[in-house]
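Numbering (our numbering), first residue to last: 256 to 521.
Glycine included, each C-beta is placed from N, C-alpha and C at the ideal position.
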Amino acid sequence: MKLAFSTLGVPGLPVPEVLALATAHGYHGVELRAHPEEPVHPGLSPARRAETAALFRDSGVEVLGLAGYARVAAPGDDAPVLEEVRDLLRLAHDLGAPFVRVLPGADPDRPREESDGIAARRLGTAAEDATALGVRLLLETHDSHRTGADAIRILGPVGHRQVGALWDVMHTWLGGEQPSDTYAALAPHLGYVQVKDIASAEDTTPLPLGAGVLPLSECVDVLSRHHWDGWLCWEYEKRWHEEAAPLAGLLAAGRDHLLRVLGEAA
């Protein structure tokens with residue numbers, strides 16, 4: 256498996272400095288948080304896109320994907336959501352990123368079936384754009400659709416190879432789902448896996464990998480037993496927790512922890 260980290264852990268850091276961290280600490284890729292407050296976002300000019308893509312190529316570090324914020328199950332018109340998704344897909348294509356992350360974001364007061372149908376319709380429509388651009392859309396296990404069982408209610412009806420799943424191990428754990436059950440639900444659709452660690456369900460402040468309660472070893476063991484050979488991406492949510500320790504000082508130990516877990520699962 257390949258290792259990456261998300262720029263959510265180093266908010267606002269210029270791309271050259273992100274790449275310096277990745278190369279210094281042995282990470283194969285970077286997940287870019289695609290938000291206007293970050294250096295990389297859909298508003299980038301063609302020249303800046305080309306420059307950013309060249310920086311990644313020259314460094315030997317891959318752009319794993321773009322972490323977008325389109326909420327595909329949210330109520331309202333389809334058009335603004337689809338345009339947001341298409342903007343992300345175009346940016347990913349220009350940067351050479353294989354994946355774009357989207358969120359569910361359903362209204363909890365709406366019937367579940369209605370929200371699932373909205374998301375499936377939008378993802379099915381956007382799948383044609385994803386195909387044309389050679390990018391895969393991934394629905395993250397998050398918010399209203401926290402578990403693999405939740406996500407598959409959307410992904411199953413879509414049934415398109417360019418629409419898959421991003422397994423966030425914190426959210427499936429918070430949803431009470433066992434790693435083996437998550438994998439069973441998402442396996443045909445799995446794009447990559449976001450790993451992290453926290454102190455408890457009540458305190459989700461990011462911790463160094465292995466210092467909290469999340470079942471990282473069990474997740475990696477399930478993936479290894481099924482010969483899954485994709486990406487593990489450390490999503491350290493420093494952006495939302497200013498009190499958390501800086502990610503830069505944790506990257507080497509985090510990589511070593513993941514390599515140990517991978518070795519034990521082999």
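- Counting every other CB atom within 10 Å of its CB across the protein chains shown gives Glu286 a total of 16 or more, marking it as buried.
- For Glu339, the three-state secondary structure derived from DSSP is helix.
- Take the alpha-carbon of Arg515 and the one of Leu429: they are about 24 Å apart.
- Here Arg401 carries a coil assignment [DSSP, helix/strand/coil].
- A straight line joining the alpha-carbon of Ala322 with that of Ala277 spans about 17 Å.
- Nearest to Pro301 by C-alpha distance, out of Asp349, Gly320, Arg312, is Asp349.
- Counting the other Cβ atoms within 10 Å of the Cβ of Ala385 gives 16 or more, which makes it buried.
- With distances taken between CA atoms, Tyr491 lies nearest to Gly504 out of Trp483, Gly504, His482, Tyr438.
- Annotated as distal: Ala382 and Val336, with beta-carbon spacing of 9 Å or more.
- For the pair Met425 and Ala289, the Cα-to-Cα distance works out to about 21 Å.
- Distance from the CA of His444 to the CA of Leu513, rounded to the nearest whole angstrom, comes to 23 Å.
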